[in-house]
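Notes for the one structure printed next.
Residue numbers (my numbering): 106 to 318.
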């Protein structure tokens, strides 16, 4: 893989991941209650889900989803239901009072590292579109004459580094935004915004159709 190809790939990955979505909303929410450093466990769960989806795509599950409408719909609806459920929980959760990182919020319920990791992993797995995305994106930047496994490792590591960095940026932003809202307005507004974003993402996912379906 040439440097030019790698730079083009990294640029595409950055553009895709920086767009706010369920993962970004989750990182911001967890940081508002648990602190931005503790949200690294959430980010770890999201990155583990990316590894799982990349592995599944390489193993052919992405191709199976692309051809099986029933399988795609089942996974899609399960993921949408989880996002809506998580959004409702965040919407109804008590408002957090962020303190200096990494201290817990005074009113928010601080989660354990295992809970943060698990939630991040499940949110990362909730979208079957990512399987199709990895299956469609990676081949565009792989040289068929090169070592396939080496290229796959480079593409995967690049994805993880860019995703981890951007998600931590969202966590930092969420921590600061929650603190600002706590000073300037209703302290439950942040939960309403991020919870509503997850509910909207779940609804959008439920309505999503594959190309050609």
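Beta carbons are placed, not taken as given, at the ideal position from N, Cα and C, and that holds for glycine.
Range of the contiguous alpha helix (DSSP H) that encloses residue 220 | From DSSP, the alpha helix (DSSP H) with residue 220 extends over 218-230.
What does a CB cutoff of less than 6 Å around residue 307 pick up in its chain, not counting 5 residues either side in sequence?
-> When the five nearest sequence neighbours on each side are left out, the beta carbons in the same chain lying within less than 6 Å of the beta carbon of residue 307 are those of 185, 188, 189, in order along the chain.
By DSSP, does residue 270 sit in helix, in strand, or in coil?
-> In the structure shown, residue 270 adopts helical secondary structure according to DSSP, grouped into three states.
Collapsed DSSP secondary structure at residue 139 in the structure displayed | Of the three classes helix, strand and coil, the one that applies to residue 139 here is helix, per DSSP.
Could you work out which residue in 154, 119, 238 is closest to residue 225 when comparing CA atoms only?
-> It is 154 whose Cα lies nearest to the Cα of residue 225.
Below 8 Å CB to CB, which residues in the same chain sit around residue 273 once its five sequence neighbours on both sides are set aside?
-> Around residue 273, the same chain offers 132, 141, 144, 145, 148 as residues with beta carbons nearer than 8 Å, after the five sequence neighbours per side are excluded.
In chain order, what residues of the same chain lie with their CB nearer than 6 Å to the CB of residue 300, ignoring the 5 residues before and after it?
-> Closer than 6 Å at Cβ, skipping near neighbours: 192, 195, 196.
When the Cα atoms are used, what is the spatial distance from residue 311 to residue 304?
-> Spanning the alpha carbons of residue 311 and residue 304 requires a straight line of approximately 11 Å.
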